[in-house]
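Chains as they are written, first to last, in the numbering used here: chain R, 16 to 340; chain P, 16 to 340; chain V, 71 to 401; chain G, 71 to 401. We put the beta carbon where it would ideally sit given N, CA and C, even for glycine.
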Amino acid sequence: MREITFMEATREALAAAMQADPTIFVVGEGIGVRGGNFATTLGLYERFGPERLRDTPISERGFVGMCCGAAMTGTRPIVDFMFLDFILDAMGELINQISKIQYMSSGRLKMPILLRGCIGIGHAAATHHSGSYYPIFTHIPGFRVVVPSNAYDAKGLFATAIRSDDPVLFLEHKSLIFNKGPVPEEDYAIPFGQARIAREGTDCTVVAIGSMVGKTLDACGQLAAEGVSIEVIDPRTVAPLDMETILASVHKTGRLLVVDETFQPCGIGAEIAAQVVDRGFDDLDAPIRRLNGAHAPTPYSPPLESAIVPNLQSIAQSIRDLLAE
Amino acid sequence: MREITFMEATREALAAAMQADPTIFVVGEGIGVRGGNFATTLGLYERFGPERLRDTPISERGFVGMCCGAAMTGTRPIVDFMFLDFILDAMGELINQISKIQYMSSGRLKMPILLRGCIGIGHAAATHHSGSYYPIFTHIPGFRVVVPSNAYDAKGLFATAIRSDDPVLFLEHKSLIFNKGPVPEEDYAIPFGQARIAREGTDCTVVAIGSMVGKTLDACGQLAAEGVSIEVIDPRTVAPLDMETILASVHKTGRLLVVDETFQPCGIGAEIAAQVVDRGFDDLDAPIRRLNGAHAPTPYSPPLESAIVPNLQSIAQSIRDLLAE
Amino acid sequence: MADTPTIPLSDEAALSLYRKLLIVRRSEEQLARSYAAGLIHGACHTYVGEEAIAVGVCAHLRPDDAVFSTHRGHGHALAKGVPPSELIAELYGRATGCSRGRGGSMHLFAPEVGMMGTSGIVGPCILQATGAGYSFKLLKTDRVGVAFFGDGAVNNGAFHEGVNLATIWDLPVIFVCENNQYATEVPFAYSSGNPDVGNRGPAYGLPSVIVDGNDVRAVYAAAGEAVARARSGGGPTLIEGKTYRTRAHAEGMREGGYRTQAEIDSWKVRDPVLLHRQWLLDEEIAGESQVIAIETEVQSIIEAAAEFAKNSPWPDGMTATDHVFSEAPHA
Amino acid sequence: MADTPTIPLSDEAALSLYRKLLIVRRSEEQLARSYAAGLIHGACHTYVGEEAIAVGVCAHLRPDDAVFSTHRGHGHALAKGVPPSELIAELYGRATGCSRGRGGSMHLFAPEVGMMGTSGIVGPCILQATGAGYSFKLLKTDRVGVAFFGDGAVNNGAFHEGVNLATIWDLPVIFVCENNQYATEVPFAYSSGNPDVGNRGPAYGLPSVIVDGNDVRAVYAAAGEAVARARSGGGPTLIEGKTYRTRAHAEGMREGGYRTQAEIDSWKVRDPVLLHRQWLLDEEIAGESQVIAIETEVQSIIEAAAEFAKNSPWPDGMTATDHVFSEAPHA
Ligand SMILES: Cc1ncc(C[n+]2csc(CCOP(=O)(O)OP(=O)(O)O)c2C)c(N)n1
Ligand SMILES: Cc1ncc(C[n+]2csc(CCOP(=O)(O)OP(=O)(O)O)c2C)c(N)n1
Ligand SMILES: [Mg+2]
Ligand SMILES: [Mg+2]
């Protein structure tokens with residue numbers, strides 16, 4: 016199969032959807048002529064014109080709120096934040112409006128809005144261009160939250176996202192978006208809430224999110240040489256979260272580690288751990304462990320930056336420690 | 016000891032602090048002449064004047080960002096949000112600026128800002144006046160988060176909050192603020208990160224947050240008649256979280272339930288459960304359970320509203336269920 | 071205040087405005103009584119004194135135009151076509167309310183008549199109306215979006231961002247500021263360095279106008295121009311109606327000394343319902359008996375609505391978490 | 071453009087402006103070379119072409135005045151007194167950088183000289199400068215707060231809310247908009263319905279002025295008035311400097327076709343450094359040799375600074391989580 020990048024894969028899904036549905040439009044800074052800071056919309060302005068690829072002023076709250084109103088009145092907006100960090104200025108619109116409109120209108124209004132942005136730590140982007148924040152949107156009711164780990168999933172999940180009548184956050188890690196992988200040319204959709212077993216194993220379950228999937232698989236390769244068999248689960252969406260697949264794996268392995276770049280307190284790992292110690296208590300042979308990025312803003316300088324993110328070594332060590340329990 | 020309300024207790028602490036330190040000022044809508052929607056500043060305008068009790072336009076982002084700049088330049092701002100829901104329009108200033116300034120300046124700047132607001136479900140306030148959102152501020156590094164359950168604690172924790180050089184969220188549940196309790200007249204401070212054991216017991220540990228403490232104590236009273244002995248822990252601050260006290264209790268009881276009004280996914284209960292299944296695994300005799308408000312916006316009508324919040328019955332039932340495990 | 075633009079107003083339309091003014095006024099009075107009687111569970115922000123604005127603007131709107139409003143939204147909902155029965159039932163918390171009991175005073179939804187929602191948060195309606203304008207333009211319709219908001223919203227970033235977006239993209243949106251001079255108790259004269267709103271057009275590049283918000287014909291004329299411009303692709307308009315709320319910010323709230331009785335009384339003299347009634351009589355558009363007939367009709371509608379609300383069922387607690395999502399996750 | 075206010079400029083001050091302009095220009099050129107050489111790890115937004123604004127404004131500031139800036143903040147930091155060595159070291163990610171390596175191009179902190187921070191998020195500096203003004207007024211000092219921001223920030227709610235708050239409370243704040251006509255590649259003429267910023271004073275009720283941002287004397291004069299007004303309790307001022315950045319938005323970024331070479335060239339002719347140099351010579355404030363002496367001095371400062379940065383130690387990874395809080399929780 017041909018190989019294309021994660022970003023090319025989402026762009027293919029976006030172009031196909033925009034071709035099929037004239038009510039879809041995209042707003043963001045530099046997503047028109049320029050084709051997006053991360054090439055999210057490259058070439059689409061020429062095909063679909065300025066009303067459907069709309070460059071915006073630096074008015075994040077404004078255009079998010081505007082897209083809320085648009086989604087209530089018959090169109091399907093996509094907000095391209097460039098860096099997801101900029102979403103914070105629109106939190107009121109997201110949490111008090113977008114997530115609540117369907118509920119408050121008793122289902123008489125839909126909220127087909129897709130919010131996308133680049134997330135994650137890397138490239139010395141420093142603290143205002145390294146945020147992820149998906150645990151927050153998992154906490155708040157009313158959002159679908161997608162964190163793909165590879166190009167194939169990115170295309171299929173994007174296709175589902177753009178057809179959803181619910182608000183979706185589609186989050187693209189800066190260390191993944193230019194990674195290539197095999198991606199079919201035809202259209203396909205991956206449902207939300209279905210985890211992928213990225214590697215089968217018997218000694219321990221590791222749930223890894225987004226950019227951590229690849230690092231965890233690398234660590235498992237290393238550990239295989241030590242005779243250790245790890246099962247790696249990529250939830251693909253953190254809301255909804257496919258707990259059935261995780262619970263089934265823990266039932267088999269008896270051990271669980273969650274690896275996530277984002278902050279530990281009240282994070283995705285906390286939620287998974289809490290559900291497993293509730294519903295899978297009898298399966299557990301050891302404490303549940305979490306490995307997260309440091310609970311601190313993201314520093315700029317490479318030696319500081321690399322000190323705060325889980326890496327192959329720390330993942331491997333966490334697995335070894337857990338197996339020793 | 017004389018009894019005063021939760022709100023009177025915080026007002027006493029506020030007045031004393033403002034008297035002692037002329038760099039403290041308060042901003043908010045109607046906190047001047049009117050004395051605050053919830054009487055948070057009643058009588059203080061007359062004592063301290065308009066520069067220190069500053070009525071604001073409806074510019075939440077603006078005055079939060081302004082207070083960030085003020086805190087960097089030698090004064091100690093207090094933001095009175097009335098309803099905490101309105102904080103969402105200021106999330107960018109909070110998460111990208113206020114929480115990060117000390118870190119980014121390598122400790123050369125302090126951030127003595129106190130953010131307070133009324134939280135919680137009740138009184139048919141509906142979805143824009145019922146939010147709590149403290150799990151979000153627990154997730155993000157850089158905040159202290161205080162959720163008092165009674166008048167005595169409110170005064171002592173407020174005193175600590177107002178002296179802190181870190182950003183503090185001081186959150187006051189609408190069903191608690193007019194409750195009376197014994198409060199000493201003199202000044203005292205309760206340190207952050209020290210839980211209170213609200214009731215001693217041996218069969219099960221229940222951690223309850225804010226407004227749930229009283230309901231849980233009521234449920235325990237009922238269960239005592241059934242011969243059940245429950246230990247109830249009130250963390251008082253959710254960031255920092257006093258895990259030592261919780262772990263010690265679980266060591267004794269072997270069972271844990273966390274009762275919290277806020278959303279379950281990636282919430283406070285998730286964090287507590289994750290830490291206990293890690294650090295207290297061998298102490299656990301049963302699954303850890305969480306009882307939360309429903310994962311939905313807050314409806315207005317009383318039969319809908321009461322259906323989404325834990326109450327005496329559901330708390331008692333959750334405890335019974337856990338004891339049956 | 072600026073010149074009143076001239077838009078023809080037929081006798082029939084003039085009477086219809088009066089009927090609508092009364093519908094709003096009598097509904098509000100009913101709600102105030104209901105609040106005092108304990109039938110309303112949460113807040114209740116009445117629109118008494120400001121009715122001419124909603125009525126004058128909505129007279130130009132079709133059911134497929136989209137209205138977005140704020141915490142003081144009863145009047146907008148009624149003027150846009152929500153039956154008084156559904157409004158009152160909503161504040162009573164009943165399953166027959168326009169929001170099925172989920173909303174109360176501050177969250178009124180009736181998309182079937184283009185009432186797209188009111189918000190307990192000040193500001194978002196300005197942005198959402200802009201978004202409706204975006205949809206309507208992209209879909210190549212002549213529908214318009216309308217935002218009603220108070221003077222308090224004008225100092226909020228949502229105003230600045232929304233007005234600018236609608237202007238640069240020429241969207242069919244009418245921004246209607248109801249300047250009742252106070253945000254709860256904080257005077258607009260204190261909270262804004264510029265005492266007017268309708269003079270801010272040049273700062274953004276859109277037409278703006280100040281009208282007497284207690285004169286339904288003045289509002290009707292200004293809104294007529296703005297709606298016509300928007301429908302024909304001429305872009306957004308900012309309208310400021312100078313007005314006053316003669317009741318408390320919310321029912322049950324103390325006045326708190328921030329405004330004088332003399333000030334309140336001076337505005338009561340300019341009651342928009344009475345002003346229009348007097349004009350109808352003075353201009354001999356209608357006689358006393360015709361006017362009384364309307365009043366009687368409206369009175370009975372409101373009485374029936376209150377009765378309906380009181381006899382309506384409560385929502386079922388089992389439905390409390392329905393409709394968070396439109397789809398099951400695996401769909 | 072509006073009249074240039076007349077504020078006396080001594081020969082000494084005129085030369086000092088030139089030296090400062092050069093410090094900024096040569097630092098930026100050094101950083102651009104360093105970026106190309108791979109010594110800078112993240113983004114690098116240079117200020118080339120806009121130096122007259124930072125230099126003209128900061129000439130009036132004392133170390134205890136507070137400056138807040140944005141992603142394009144090198145020039146503001148230097149003009150406020152951050153040594154070039156600490157700026158360059160910061161972009162190199164070294165422990166000796168003004169933010170100890172935590173910040174890079176977009177997060178410059180040097181509170182010891184009143185450089186209170188730059189931000190990678192557009193907007194907050196406007197609010198924070200307002201807050202500094204609040205502190206300085208409450209503390210009864212004559213210090214001032216200054217916000218530097220681009221045209222891109224003007225369409226943001228932070229501008230609207232910050233300018234209004236400073237105005238209604240008469241705070242000692244100078245809002246300096248550097249209108250270089252583009253927000254990355256989006257033209258201000260597209261993103262705002264009003265092409266000017268310095269004409270918006272009346273919408274808010276504060277004095278505002280448009281100046282030639284490439285003319286350091288014009289900026290100096292306007293800022294001098296504004297700072298004097300602020301220090302003496304006269305409240306805030308909004309200054310728009312019309313200018314242009316002649317390099318890419320950030321180093322390494324493609325131009326992307328949003329502006330023509332002819333446009334860029336036309337602004338290079340109005341280079342603020344060369345313009346001031348020529349004026350010094352024309353007016354015989356300095357001779358060629360005096361000017362060259364300054365240039366040589368600055369050149370050696372920057373070379374030494376780059377050398378210092380290159381030889382500086384990296385921060386220790388073990389310190390990566392220090393300073394999240396000022397106190398241990400139990401303190
Ligand atoms: C963002 C936000 N902040 C604060 C409030 C609390 N609040 C409710 S109504 C109100 C005053 C609104 O004034 P205005 O916009 O003039 O409308 P009016 O009540 O006068 O009709 C305030 C401050 C709110 N609802 N939303
Ligand atoms: C809130 C926010 N949105 C988007 C960005 C991404 N961004 C960085 S610089 C920039 C353009 C800024 O333009 P302007 O304010 O005119 O400053 P200039 O770069 O022209 O100096 C944008 C959109 C950001 N930093 N912050
Ligand atoms: Mg008002
Ligand atoms: Mg610019």
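Where does P:Leu208 fall in DSSP's three states? Here residue 208 of chain P refers to the residue found at position 193 of the second sequence. Before going further, note that residue 208 of chain P is Gly rather than Leu in the sequence given. Residue state, collapsed to three classes: coil.
Using the beta-carbon count (16 or more within 10 Å), is G:Ala374 buried or exposed? As a working mapping, residue 374 of chain G is identified with position 304 in the fourth sequence. By the 10 Å Cβ count, G:Ala374 comes out exposed.
Determine the burial state of V:Ile362: buried for a count of at least 16 other Cβ atoms within 10 Å of its Cβ, exposed for fewer. On the third sequence, position 292 is the one that residue 362 of chain V refers to. Exposed, because fewer than 16 other Cβ atoms sit within 10 Å of the Cβ of V:Ile362.
Under the three-state DSSP convention, the category V:His400 falls into: By one-based count along the third sequence, residue 400 of chain V stands at place 330. Its pLDDT being 46, under 50, V:His400 is placed unreliably in this model, and the value from its coordinates should be taken loosely. Coil.
Anything in chain P within Cβ reach of G:Arg172, meaning under 9 Å, just list it in chain order. Position 102 of the fourth sequence, counted from the start, is the residue given in the question as residue 172 of chain G. Per Cβ cutoff of 9 Å: Tyr118, Met119, Ser120, Ser121.
At a Cβ threshold of 8 Å, is P:Lys195 touching chain G? Residue numbering aside, residue 195 of chain P sits at position 180 when the second sequence is read from its first letter. Closer than 8 Å: no.
Between P:Glu66 and G:Leu276, how many whole angstroms is the CB-CB distance? I'm expecting something under 8 Å. Along the second sequence, one-based indexing puts residue 66 of chain P at 51. Along the fourth sequence, one-based indexing puts residue 276 of chain G at 206. The pair is not a contact, with the Cβ atoms about 19 Å apart (cut-off 8 Å).
So, with DSSP's three-state summary, where would you put R:His266? Working through the first sequence from its first residue, we reach residue 266 of chain R at position 251. Three-state DSSP puts R:His266 in a helix.
Suppose only complete runs of 4+ residues qualify. What are the alpha helix (DSSP H) ranges in the stretch 213-242 of chain R, listed by chain order? 226-239
Using beta carbons (cut-off 8 Å, strictly below), is R:Arg159 in contact with chain P? Residue mapping note: residue 159 of chain R aligns to position 144 of the first sequence, counting from 1. Not closer than 8 Å to any Cβ of chain P, the Cβ of R:Arg159 fails to qualify, so no.
By DSSP, does P:Asn194 sit in helix, in strand, or in coil? Indexing the second sequence from 1 puts residue 194 of chain P at position 179. Reduced to three states, the DSSP call for P:Asn194 is coil.
Along chain R, in chain order, which residues have C-beta atoms closer than 7 Å to that of P:Gly284? Working through the second sequence from its first residue, we reach residue 284 of chain P at position 269. Chain R residues near P:Gly284: Ala289.
So which of G:Asp352, G:Thr254, G:Ile238, G:Ala259 has the shortest CA-CA distance to G:Gly271? Your numbering for residue 271 of chain G matches position 201 in the fourth sequence. Among G:Asp352, G:Thr254, G:Ile238, G:Ala259, the Cα nearest to that of G:Gly271 belongs to G:Ile238.
How many angstroms separate the CA atom of R:His266 from the CA atom of R:Val48? For the purposes of this step, residue 266 of chain R is identified with residue 251 of the first sequence, where counting begins at 1. For the purposes of this step, residue 48 of chain R is identified with residue 33 of the first sequence, where counting begins at 1. When rounded, the distance between both Cα atoms is 52 Å.
Contact the stretch 153-173 of chain P vs the stretch 280-290 of chain R: 3+ CB pairs below 8 Å: yes
Please tell me whether V:Asn225 has its Cβ less than 8 Å away from any Cβ of chain R. For this step, residue 225 of chain V is matched to residue 155 along the third sequence. With 8 Å as the cut-off, V:Asn225 does not count as an interface residue toward chain R.
Hey, how far is the Cα of G:His177 from the Cα of R:Ser179? Counting from 1 along the fourth sequence, the entry for residue 177 of chain G is found at position 107. Counting from 1 along the first sequence, the entry for residue 179 of chain R is found at position 164. Going by the C-alpha atoms only, they are around 38 Å apart.
DSSP state of G:Gly190, grouped into three classes? Position 120 of the fourth sequence, counted from the start, is the residue given in the question as residue 190 of chain G. Here G:Gly190 sits in coil by DSSP.
Kindly say whether G:Thr403, judged by its beta-carbon, lies nearer than 8 Å to any beta-carbon of chain P. Nothing can be reported for residue 403 of chain G: it is not among the residues displayed for chain G, which extend from 71 to 401.
Can you tell which of P:Met22, P:Glu259, P:Ile224 has its C-alpha closest to the C-alpha of P:Tyr148? Numbered from its first residue, the second sequence carries residue 148 of chain P at position 133. Taking only the C-alpha atoms, the option nearest P:Tyr148 is P:Ile224.
Around the C-beta of R:Thr217, are 16 or more other C-beta atoms found within 10 angstroms, so that it is buried, or is it exposed? Indexing the first sequence from 1 puts residue 217 of chain R at position 202. Classification for R:Thr217: exposed.
Nearest-angstrom Cα separation, counted from V:Phe138 out to V:Ala288: As a first step, residue 288 of chain V must be located in the third sequence, where it is residue number 218. As a first step, residue 138 of chain V must be located in the third sequence, where it is residue number 68. Near 22 Å, if we compare the C-alpha coordinates of V:Phe138 and V:Ala288.
Nearest-angstrom Cα distance between V:Gln198 and R:Leu59? What you label residue 198 of chain V is simply residue 128 of the third sequence in a count that begins at 1. What you label residue 59 of chain R is simply residue 44 of the first sequence in a count that begins at 1. The alpha-carbon atoms of V:Gln198 and R:Leu59 are separated by roughly 26 Å.
Collapsed DSSP secondary structure at R:Leu271 in the structure displayed: Here residue 271 of chain R is taken as the residue at index 256 of the first sequence, counted from 1. DSSP places R:Leu271 in strand when its eight states are reduced to three.
Using a beta-carbon distance cut-off of less than 7 Å, what residues from the stretch 254-270 of chain P approach chain G? Pro255
Quick one: measure Cβ to Cβ for V:Ala293 and V:Ile244, integer angstroms, because I've assumed they're closer than 8 Å. Stepping through the third sequence from its first residue, residue 293 of chain V is reached at position 223. Stepping through the third sequence from its first residue, residue 244 of chain V is reached at position 174. Confirmed, Cβ separation roughly 7 Å.
Verify whether the separation of the beta carbon atoms of G:Leu157 and G:Ala122 is less than 8 Å. Here residue 157 of chain G refers to the residue found at position 87 of the fourth sequence. Here residue 122 of chain G refers to the residue found at position 52 of the fourth sequence. Result no, Cβ atoms of G:Leu157 and G:Ala122 do not sit closer than 8 Å.
Could you please tell me which residues of the stretch 55-83 of chain P, in chain order, have their CB closer than 9 Å to any CB of chain G? Glu66, Arg67, Arg69, Thr71, Pro72, Ser74, Glu75, Arg76, Gly77, Phe78, Val79, Gly80, Met81, Cys82, Cys83
Does any residue of chain G have a CB that is nearer than 8 Å to the CB of P:Met33? Sequence index remark: in the second sequence, residue 33 of chain P carries index 18 (1-based). No, because no Cβ of chain G sits closer than 8 Å to the Cβ of P:Met33.
P:Asn307 bridges to which residues according to DSSP? To locate residue 307 of chain P, count along the second sequence from 1; it is residue 292. Beta-bridge pairing links P:Asn307 to P:Asp275.
Helix, strand or coil for V:Glu295 per DSSP? The count along the third sequence starts at 1 and reaches residue 295 of chain V at position 225. Correct three-state label for V:Glu295: helix.
CA nearest to the CA of G:Val267, picked from V:Ser261, V:Asp266, V:Tyr274, V:Pro265: On the fourth sequence, position 197 is the one that residue 267 of chain G refers to. Nearest of V:Ser261, V:Asp266, V:Tyr274, V:Pro265 to G:Val267, Cα basis: V:Tyr274.
Alpha-carbon spacing of V:Tyr402 relative to V:Glu321, whole angstroms: Lying outside 71 to 401, the shown extent of chain V, residue 402 of chain V is not represented and no answer is given.
Would DSSP call V:Leu350 helix, strand or coil? For this step, residue 350 of chain V is matched to residue 280 along the third sequence. Correct three-state label for V:Leu350: helix.
Is it the case that the Cβ atoms of V:Gly145 and V:Tyr117 are separated by a distance below 8 Å? Taking the third sequence and counting its residues from 1, one reaches residue 145 of chain V at position 75. Taking the third sequence and counting its residues from 1, one reaches residue 117 of chain V at position 47. A contact, by the Cβ cut-off of 8 Å.
Take P:Phe63 and list the residues in its own chain whose beta-carbon comes closer than 7 Å to its own, dropping the five residues that flank it on each side. Indexing the second sequence from 1 puts residue 63 of chain P at position 48. Same-chain partners within the cutoff: Met33.
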